[in-house]
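These protein sequences, in sequence, are chains R and B. Counting from 314, one number per residue, gives the positions in the first sequence under our numbering. Counting from 27, one number per residue, gives the positions in the second sequence under our numbering. Where is the CB? At the ideal position from N, CA and C, for every residue including glycine. Nothing here was measured: the structure is a model prediction, and the numbers come from that model. Take a look at the structure below.
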Amino acid sequence: MTNYGERAALVTGGLRGIGRGIAERLLAEGMQVYLVDIESDETAADLMQGIEGQATYLKLNVIEETEWQSVIGAIKSATGRLDCLVNNAGVDCVGPVEELTYESWRRIMSVNVDGVFLGIKTSAPLLAETGQTTPAGSSIINISSVMGKVGYIDTSAYNTSKGAVTLMSKAVGVEFATKRTPIRVNSLHPGFVQTPLLDTGMNRMVSEGLAEKPEDLKGMIAQATPMGRIAETSEIASGAWFLASDDSSYMTGSELVIDGGWTAQ
Amino acid sequence: MPDHKKEKTMTINLENTIALVTGAAGGIGRAVCTTMTEAGAKVIATDIADKPGGLVAEAYYKHDVTSQDDWQKIADQIETDYGQLDALVNVAGLSIVVSIEETSLAEWRRVNSINVESILLSFHTMLPLLKKSGETRKGGASVVNFSSIAGQRGAAFNAAYCASKGAVKIFTKCAAIEFAALGYNIRVNSIHPGGVETPMLKSIIETYIDKGVVPSYEVAEAGIITDHPIGRLGVPEDMGGGVVYLCSESAAFVTGAELNIDGGFTSV
């Protein structure tokens with residue numbers, strides 16, 4: 314029987330929302346989990362209530378290559394392996410395309426796209442080495458979005474960044490598979506999920522006078538979702554676990570859509 | 027490299043799940059029965075062929091998926107034995123290899139009858155049992171329709187099959203949205219295998235050879251493998267994990283989705 318207890322995972326943006334949900338699921342399945350995020354150790358300690366002592370926190374700005382090298386080096390020293398990389402860290406950017414500043418455009422591309430590239434680049438050697446020893450190889454899970462598949466209003470920068478993640482996953486999945494590098498690469502596409510990022514976005518829209526209160530906006534989103542509701546982070550995390558596990562051994566370059574039917578319409 | 031054919035232990039389980047799997051005598055259907063049973067489900071297997079030796083299932087019924095009567099009899103039996111159905115996995119399918127010019131209307135209709143109409147009949151007869159499951163089952167009842175990469179990409183000399191699998195893909199999305207709108211709590215998703223080592227693939231390759239499209243079995247197989255970046259054909263066992271995931275509570279927010287299990291085929 315597969316012993317996931319020996320295996321190690323790294324989750325970026327792991328302190329909140331979907332990243333936190335994924336970390337909890339991987340921990341529950343017995344994996345060793347490294348959480349990275351941009352927060353100070355003190356803030357991280359506060360946010361890690363409930364999983365303190367189980368997961369290990371390392372501070373990382375995903376757009377800094379040298380920080381990635383330090384983090385991967387630290388994991389290699391501590392566990393000698395990395396089975397799963399979850400590129401989850403991301404930021405949003407809302408506004409009409411003609412009003413977006415070039416600076417804010419570059420910022421979202423940097424975090425959402427460059428961050429994923431640097432994560433894959435710096436962790437690939439360790440993931441490949443570990444993948445030689447496991448039945449289904451190592452697994453990279455890139456958190457894209459339904460916004461990486463279909464357009465939406467006033468989210469052009471976010472759409473563009475997530476679309477890039479979708480195709481980066483396919484390109485790297487094909488590249489590794491063709492070279493027999495034992496790393497599978499898939500993208501995961503959540504619909505709207507109850508997270509702090511969603512709340513931030515909703516609050517901003519309320520402050521811009523687009524709605525009276527955040528609940529109204531959430532109600533509208535739920536109504537536009539065929540299943541009639543917004544997802545919980547655990548419902549995204551369970552898909553990440555499927556992609557992390559050996560059950561998805563023949564999947565690479567695939568898109569796992571968890572959107573309550575959003576893109577099926 | 028890892029041995030992908032070795033027995034797998036599922037990490038997501040299907041305890042307390044009554045499942046119906048069609049096409050259970052074929053390569054993929056048979057493996058799906060085994061994997062779902064290992065994951066804890068009670069599997070009712072059906073096929074138009076006789077029960078194959080070694081099939082892992084609670085019950086086996088002869089089943090022509092184009093027959094409303096057959097579907098209804100099986101639904102009545104499930105109603106009597108279990109009172110509900112938690113997972114319906116439509117695997118039964120037919121592929122023909124023939125040019126469009128030579129595809130007779132009768133052949134075209136036969137392929138679409140087995141691959142597409144069967145799913146309509148499955149809803150007509152199984153919805154009451156699935157709805158009952160949806161009322162209480164965490165994550166809802168689940169329908170998994172086997173489409174194919176042929177439902178996403180075209181292929182020469184395989185038009186009837188490709189068109190039917192494309193129909194399965196969109197029919198799946200329609201059902202997902204409609205059932206959600208009706209509040210049935212039944213999720214509907216499609217799985218898209220790449221080339222899988224099955225009797226069906228073997229007969230497809232043999233037909234290509236007969237028609238002079240490829241010179242030999244070895245050349246054809248090597249060509250198909252090259253189309254899969256992962257460097258091998260799929261095996262039926264590769265499909266089980268995806269089915270178990272989609273039928274489990276883990277996929278509670280997944281509906282109308284396409285799950286590609288294709289070794290990277292559609293990524294290039």
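Per-residue contacts from residue 264(B) into chain R (C-beta, under 7 angstroms): 562, 563, listed in chain order.
Tell me the DSSP bridge mates of residue 283(B)? DSSP lists no partner for residue 283(B).
Taking DSSP as the reference, what is the three-state secondary structure of residue 93(B)? coil
Does DSSP put residue 183(B) in a helix, in a strand, or in coil? coil
Can you give the beta carbon distance from residue 271(B) to residue 277(B), rounded, assuming they're within the 8 angstroms contact cut? 6 angstroms
Count the other CB atoms, across all protein chains shown, that sit within 10 Å of the CB of residue 135(B); report buried if there are 16 or more and exposed otherwise. The residue in question, residue 135(B), is exposed, as its Cβ has fewer than 16 Cβ neighbours within 10 Å.
Can you tell which of 432(R), 521(R), 384(R) has its C-alpha closest to the C-alpha of residue 498(R)? Ranking 432(R), 521(R), 384(R) by Cα distance to residue 498(R) puts 432(R) first.
The stretch 399-408 of chain R / the stretch 445-457 of chain R touching (three or more Cβ pairs under 8 angstroms): yes
Mapping the DSSP letters down to three states, classify residue 75(B) as helix, strand or coil. Secondary structure of residue 75(B) (DSSP, three-state): coil.
For residue 191(B) versus residue 177(B), is the C-beta distance shorter than 7 angstroms? yes
Leaving out five residues before and five after residue 317(R) in sequence, what residues of the same chain have Cβ atoms less than 6 angstroms from its Cβ? 342, 343, 344
Quick one, which of 576(R), 512(R), 351(R) has its alpha-carbon nearest residue 464(R)'s? Residue 576(R) is the option with its Cα nearest to residue 464(R).
Under a CB-based cut-off of 7 angstroms, is residue 80(B) close to chain R? no
Could you name the residues of the same chain whose beta carbon sits closer than 6 angstroms to that of residue 167(B), not counting the 5 residues immediately before and after it, in chain order? 112, 156, 159, 160, 212
Under 7 angstroms between the Cβ atoms of residue 336(R) and residue 349(R)? The Cβ atoms of residue 336(R) and residue 349(R) do not sit closer than 7 angstroms to each other.
Helix, strand or coil at residue 516(R) [DSSP, three-state]: In the displayed model, residue 516(R) falls within a helix according to three-state DSSP.
So for residue 495(R), helix, strand or coil by DSSP? coil
Helix or strand or just coil, what does DSSP make of residue 325(R)? strand
Which one of 86(B), 149(B), 198(B) has the shortest CA to CA distance from residue 216(B)? Measuring from the Cα of residue 216(B), the nearest candidate turns out to be 198(B).
When you compare the stretch 413-427 of chain R with the stretch 466-486 of chain R, are there three or more beta-carbon pairs, one atom per stretch, that lie closer than 8 angstroms? Contact between the stretch 413-427 of chain R and the stretch 466-486 of chain R is established, with three or more Cβ pairs separated by less than 8 angstroms.
Straight-line CA distance for residue 439(R) to residue 445(R)? Cα-Cα distance, rounded: 10 angstroms.
Note down, one range per segment and in chain order, each alpha helix (DSSP H) of at least 4 residues found wholly within the stretch 442-513 of chain R. For the alpha helix (DSSP H) assignment, the uninterrupted runs of no fewer than 4 residues enclosed by the stretch 442-513 of chain R are, from N- to C-terminal side, 469-491.
Which stretch, first to last residue, makes up the beta strand (DSSP E) that contains residue 108(B)? It is not in any beta strand (DSSP E) - residue 108(B) carries neither H nor E in the DSSP assignment.
Do residue 560(R) and residue 315(R) have their C-beta atoms closer together than 7 angstroms? no
Can you tell me the Cα-Cα spacing of residue 232(B) and residue 538(R), whole angstroms? C-alpha of residue 232(B) to C-alpha of residue 538(R): approximately 46 angstroms in a straight line.
For residue 398(R), does the three-state DSSP call read helix, strand or coil? strand
Ignoring anything shorter than 3 residues, give me the beta strand (DSSP E) runs that lie fully in the stretch 209-291 of chain B, in order along the chain. 212-219, 284-287
Where does residue 116(B) sit, in a helix, a strand or coil, going by DSSP? strand
What would DSSP say about residue 563(R), mapped onto helix, strand or coil? coil
List the whole-angstrom C-beta distance separating residue 287(B) from residue 253(B), where the pair is believed to meet the contact cut-off of C-beta under 8 angstroms. Between the beta-carbon of residue 287(B) and that of residue 253(B) there is about 15 angstroms, and that puts the pair past the 8 angstroms contact cut.
Return the residues of the stretch 278-293 of chain B that lie within a Cβ-Cβ distance of less than 8 angstroms from chain R, sorted by chain order. 278, 279, 280, 281, 282, 283, 284, 285, 286, 287, 288, 289, 290, 292, 293
Rounded to whole angstroms, what's the CA-CA distance from residue 321(R) to residue 57(B)? Just pull it up for me. 30 angstroms
So with CB distances below 7 angstroms, who are the chain B contacts of residue 491(R)? 255
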